[in-house]
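Engineer:
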Amino acid sequence: MLQFESKIIGKEIGFGYLRDKIINQGFTIGGNWEYDKGSFDSILWKEEGETIYLRVPFIVTAGELDNEDAQIRFQKPFVIKHVVNIGLDYDEGSLLDATGASQFQTPLEKDGYIHDKSKWIQAGEQAVEEKVLPYFLH
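Per our numbering, the sequence shown starts with residue 8, numbered consecutively.
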């Protein structure tokens with residue numbers, strides 16, 4: 008995991024408003040959300056079983072995350088690499104994976120080693136700057 012400084016840290020905004028804007032920029036709600044915290048995730052790079060994500064975490068400062076009107080405050084963003092098995096798995100979920108019925112696979116490495124760290128930090132900074140920050144009033 009590579010954390011980096013950003014102008015987004017500490018900024019607050021309406022959850023529903025921002026979600027509706029940045030979903031068109033390739034962001035999704037991170038799967039690990041709870042009512043009081045979550046993240047917006049975006050794929051920076053993907054090849055075979057390796058994916059490098061930008062994760063922009065936030066806490067809920069008013070309301071709950073399942074409510075469009077929730078207010079959120081951003082924390083320090085980071086880049087993370089997931090590695091998954093792209094071959095056949097020979098366990099109880101193998102048939103589901105092979106037939107495509109299993110939508111999600113647990114990563115072999117949730118925080119894999121990232122080569123060329125400065126490149127990916129710069130890519131993360133640029134994505135936040137160009138795809139998220141423009142929706143904040145200055």
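Where is the CB? At the ideal position from N, CA and C, for every residue including glycine.
Because the structure is a prediction, the values reported are computed rather than measured.
Which residue's Cα is closest to the Cα of Ile87: Gln32, Asp123 and Glu41?
Structural biologist: Asp123
Engineer: If you draw a straight line from the alpha carbon of Val135 to that of Tyr42, how long is it in whole angstroms?
Structural biologist: Their Cα atoms are separated by approximately 23 Å.
Engineer: According to DSSP, simplified to helix, strand and coil, what is Leu144?
Structural biologist: coil
Engineer: For Trp52, list the residues DSSP reports as bridge partners.
Structural biologist: Ile59
Engineer: Give the straight-line distance between the Cα atoms of Lys18 and Glu55, rounded to the nearest whole angstrom.
Structural biologist: 35 Å
Engineer: When you compare each of Ile29, Val90 and Phe11 to Thr58 by their alpha carbons, which one comes out closest?
Structural biologist: Val90
Engineer: Excluding the five sequence neighbours on either side, which residues of its own chain have a C-beta within less than 8 Å of the C-beta of Lys78, listed in chain order?
Structural biologist: Checking the sequence, you will find Gln at residue 78 rather than Lys. The answer, listed in chain order, is Glu19, Ile20, Gly21, Phe22, Val67, Thr68, Ala69 and Gly70.
Engineer: At the level of alpha carbons, what is the spacing between Ile16 and Tyr120?
Structural biologist: 25 Å
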